[in-house]
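Asker:
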Amino acid sequence: MMSVETEIRFKLNGRELGLKVPVTMKTLTMLRDKFGMTGTKYACGEGECGACTVKVDGQTVNSCLMYAVDCDGRELVTIEGLHTPQGLHPMQQAFVDHGAIQCGFCMPGMIMQADYLVENNPALTREEAQRGLEGNLCRCTGYTKVLDAVQAMVETKKCCGRA
Ligand code: FES
Ligand code: FES
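In this note's numbering, the protein residues as written are -1 to 161.
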């Protein structure tokens, strides 16, 4: 059966892009298979785990649930887009510094969500961070060190000085 394709244009990590995508393709598949953005992970594929979290127009979304055609005219940021010219984004560095990363599979999504939370609430409390990260599941860390990292970001307010 022929799949119907649609042309979309959108911004990905600051670059204007155009692409024909099957109308049934999910954003996660497009990011990984068409653009090599493999930092964004496929896990449950059902919107339950947050491993596929990316930003779309500044909001975090589960890219496994979003159709690629709905990216038309939008601005997407993946974990690859968080890098600064100096290297790791301060939120990434905080996760490293606090030993918050074990196998790392959940981390791109977790860091995207953590960055979103602090960006939108520079006075984020530990409890608010815990609630805000509820949709990002991790099998390894027990979350304590993740919350330590986010709390450290809030305290030093490094997020506000993104290069
Ligand atoms: S892979 Fe998208 S929420 Fe789990
Ligand atoms: S660090 Fe392994 S799943 Fe989170």
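Positions of the beta carbon are idealized from the N, C-alpha and C atoms, including for glycine.
1. Pull up the DSSP beta-bridge partners for Q57, would you.
2. Per the DSSP calculation, K24 is bridged to which residue(s)?
3. Taking 6 Å as the limit between beta carbons, can you name the residues of its chain near K143, skipping five residues before and five after?
4. My output table needs one value for R7: the three-state DSSP class, helix, strand or coil.
5. Would the beta-carbon of Q100 be found less than 6 Å away from any heavy atom of ligand 2?
6. Given this structure, state the Cα-to-Cα distance separating E117 from E3, to the nearest angstrom.
7. Provide the residue(s) that pair with E73 in DSSP beta bridges, ordered along the chain.
8. Within 6 Å: the Cβ of N60 and any heavy atom of ligand 1?
Answerer: Let me lay it out:
1. Under DSSP, Q57 takes part in a beta bridge, and its partners are V54.
2. DSSP output for K24 lists Y65 as bridge partner(s).
3. If the five residues before and after K143 are omitted, its C-beta is found closer than 6 Å to the C-beta atoms of H96, G97, A98, all from its own chain and listed in chain order.
4. The answer is strand: DSSP assigns R7 an E or B state.
5. Indeed, a heavy atom of ligand 2 lies less than 6 Å from the Cβ.
6. Here the C-alpha atom of E117 lies approximately 36 Å from the C-alpha atom of E3.
7. As DSSP reads the structure, E73 sits in a beta bridge with K9.
8. Yes; taking the cut-off as 6 Å, the Cβ of N60 has a heavy atom of ligand 1 nearer than that.
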